[in-house]
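K.L.:
Chains as they are written, first to last, in our numbering: chain A, 1 to 142; chain B, 143 to 402.
A single structure is presented below for examination.
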């Protein structure tokens, strides 16, 4: 009955490299191993959710911090820069932990990150250059 | 002499073979990126979807740059005007049940929390799927559907509020008073401000709606043991990737539309 778990390659992958937050990794891998190997037939392993809630509290913390800056700081380039940095932090935690990218193989990580980096470059270039371009077009008609 | 004879069974990919989990081989003896085919394709789709949202954000950045910002040092108090880009916390300051009160960004904070929370319940559903725990998958999928639907409802309220506008409205250039917003004019600021609001939050909301539909499908399939018989809950994982991406997009929309 436990055969389906044995023959299930995904289980191995999960145990080997995936998921687990580095801080609690030693404990979890062991727990998972024990679970899948010695569990009686039909039994379900215990949930492993500590890392999920940790990530959740980080995300909530950053959001709260953003609101602190909204109300305690005057608008300006500095405040906007802080917002963008905090946003990138939030994005990192969502992508790395929730979407699990941190625990994929390096090639996959770069496959996603390099196009995104180029995209951000394009975005910055378009916004800055495009502003000049738009002004040039408008001046031509004035 | 052809090596591919018609007598060879061409139906090796029969239902029993395709129903088996993608077991590390994409039928080619290896598994690119050590990821299943479906998950990798979801990643590539999300990458392309990020391009679309980046196009929206680029448009937003350009148009916002073209319009002057309100100068808080000018000695004037802020009021809605087509002369400059509105300050977001003056526009988005309504809260259901608190009519007439100034709650800057209060409702959007709530919406952000709802979406982050739905991401957590989603990842809990994926985790339960790894353990083949059908009941937990069902439970967390239901919570995610609930939060997703709540977010959509909140957005509907937000749009209604935005479209109907404030009680005072704004005196327009032609001397009439205008309330709320449509695609042609609005009381908050430049015409394109409302247009971008409708398009960006609308496009994101459409994604949330698609996500909720996929989650409902996952819930039904889980209930019918479809995934359990398959031996894995990878579909929940792929929909989970999509759902987290939607949350991710909101993080950016939130920053660039409401905070900056």
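Glycine included, every Cβ here is placed at the ideal spot set by N, Cα and C.
Predicted model, so just to flag it, every value in this text is computed and none were measured.
Would you call the region 275-291 of chain B and the region 367-384 of chain B touching, i.e. three or more CB-CB distances under 8 angstroms?
P.N.:
These segments touch.
K.L.:
Restricting to Cα atoms, I'd like to know which of 385(B), 250(B), 222(B) and 223(B) is closest to residue 482(B).
P.N.:
The question about residue 482(B) has no answer here: the residues shown for chain B are numbered 143 through 402.
K.L.:
Helix, strand or coil for residue 234(B)? Go by DSSP, reduced to three states.
P.N.:
Three-state result, residue 234(B): coil.
K.L.:
Run through chain B and tell me which residues come within less than 8 angstroms of residue 104(A), C-beta to C-beta.
P.N.:
Those within 8 angstroms of residue 104(A) in chain B are 175, 176 and 177.
K.L.:
Pick out whichever of 105(A), 93(A) and 135(A) has its Cα sitting closest to the Cα of residue 60(A).
P.N.:
Of the listed residues, the one whose Cα sits closest to residue 60(A) is 93(A).
K.L.:
Which residues in chain A have a C-beta closer than 7 angstroms to the C-beta of residue 274(B)? List them in chain order.
P.N.:
Neighbours of residue 274(B) on chain A, chain order: 44.
K.L.:
Confirm the yes/no value for this check: CB of residue 44(A), any heavy atom of the ligand FAD, distance under 7 angstroms.
P.N.:
No copy of the ligand FAD occurs in the structure displayed, which carries no ligand at all.
K.L.:
Consult DSSP for residue 80(A) and reduce its assignment to one of helix, strand or coil.
P.N.:
In this structure, residue 80(A) counts as helix in the three-state DSSP scheme.
K.L.:
What residues from the region 79-94 of chain A come within 9 angstroms of chain B, judged by C-beta to C-beta, listed N to C?
P.N.:
Under the 9 angstroms Cβ criterion, the region 79-94 of chain A contributes 79, 80, 83, 84, 86, 87, 90, 91 and 94.
K.L.:
Please determine, among 400(B), 387(B), 385(B) and 380(B), the residue with the shortest C-alpha to C-alpha distance to residue 179(B).
P.N.:
The residue with the shortest Cα to Cα distance from residue 179(B) is 380(B).
K.L.:
Output yes if chain A places a C-beta closer than 8 angstroms to the C-beta of residue 322(B); else output no.
P.N.:
It does not: the Cβ of residue 322(B) has no partner Cβ on chain A nearer than 8 angstroms.
K.L.:
How about residue 91(A) and residue 393(B): are their beta carbons less than 8 angstroms apart?
P.N.:
In this structure, residue 393(B) lies closer than 8 angstroms to residue 91(A) by Cβ.
K.L.:
Excluding sequence positions up to five away, which residues of its chain have a Cβ less than 6 angstroms from the Cβ of residue 344(B)?
P.N.:
Counting only Cβ-Cβ distances below 6 angstroms, and skipping sequence neighbours, we find nothing.
K.L.:
Three-state secondary structure (DSSP) at residue 22(A)?
P.N.:
Its pLDDT being 45, under 50, residue 22(A) is placed unreliably in this model, and the coordinates cannot settle the point.
K.L.:
Give me the Cβ distance between residue 307(B) and residue 331(B), rounded to the nearest whole Å; I'm assuming they're in contact under 8 angstroms.
P.N.:
Actually they are not in contact, since the Cβ atoms of residue 307(B) and residue 331(B) sit about 12 angstroms apart, beyond 8 angstroms.
K.L.:
Is there a C-beta anywhere in chain B that falls below 8 angstroms from the one on residue 77(A)?
P.N.:
It does not; no Cβ of chain B falls within 8 angstroms.
K.L.:
At the level of alpha carbons, what is the spacing between residue 293(B) and residue 348(B)?
P.N.:
Whole-angstrom Cα-Cα distance: 12 angstroms.
K.L.:
Can you find the residues in the same chain that come closer than 6 angstroms, C-beta to C-beta, to residue 263(B), ignoring five residues on each side of it along the sequence?
P.N.:
So the qualifying residues of the chain are 282, 285 and 286.
K.L.:
Return the chain-ordered list of same chain residues with a C-beta closer than 7 angstroms to the C-beta of residue 342(B), the five sequence neighbours on each side being excluded.
P.N.:
Closer than 7 angstroms at the Cβ level, and outside the excluded window around residue 342(B), lie 198, 202, 395 and 399.
K.L.:
Measuring straight from C-alpha to C-alpha, what distance separates residue 397(B) and residue 371(B)?
P.N.:
About 43 angstroms.
K.L.:
Is DSSP giving residue 168(B) helix, strand or coil here?
P.N.:
Correct three-state label for residue 168(B): coil.
K.L.:
Counting only C-beta atoms, is residue 58(A) closer than 8 angstroms to chain B at any point?
P.N.:
It does not; no Cβ of chain B falls within 8 angstroms.
K.L.:
Got a sec, what are the start and stop residues for the alpha helix (DSSP H) residue 96(A) sits in?
P.N.:
Per DSSP, residue 96(A) belongs to no alpha helix (DSSP H) and is neither H nor E.
K.L.:
When we look at the beta-carbon of residue 354(B) and count the other beta-carbons within 10 Å, is it buried (16 or more) or exposed?
P.N.:
Residue 354(B) comes out buried.
K.L.:
For the alpha helix (DSSP H) that residue 349(B) lies in, which residues bound it at each end?
P.N.:
Unbroken alpha helix (DSSP H) run through residue 349(B): 333-365.
K.L.:
Which residues in the same chain have their Cβ closer than 8 angstroms to the Cβ of residue 363(B), if we skip the five residues on either side of it in sequence?
P.N.:
Answer for residue 363(B): 369 and 377, listed in chain order.
K.L.:
Closer than 7 angstroms by beta-carbon distance: list the chain B residues that pair up with residue 107(A), in chain order.
P.N.:
Neighbours of residue 107(A) on chain B, chain order: 175.
K.L.:
DSSP three-state label for residue 215(B), please.
P.N.:
In the structure shown, residue 215(B) sits in a helix (DSSP, three-state: H, G or I).
K.L.:
Check the C-beta distance from residue 384(B) over to residue 189(B) and give it rounded, since I have them as a contact under 8 angstroms.
P.N.:
Not quite, the Cβ-Cβ distance comes to about 12 angstroms (not below 8 angstroms), so this is no contact.
K.L.:
Does the beta-carbon of residue 177(B) have 16 or more other beta-carbons within 10 angstroms, so that it is buried, or is it exposed?
P.N.:
Classification for residue 177(B): buried.
K.L.:
Please list, in chain order, the chain A residues whose beta carbon lies closer than 8 angstroms to that of residue 214(B).
P.N.:
Near residue 214(B) (Cβ distances below 8 angstroms), the residues of chain A are 74 and 75.
K.L.:
Taking the straight line between their C-alpha atoms, what separation do you get for residue 127(A) and residue 136(A)?
P.N.:
If I take the Cα positions, the gap works out to 14 angstroms.
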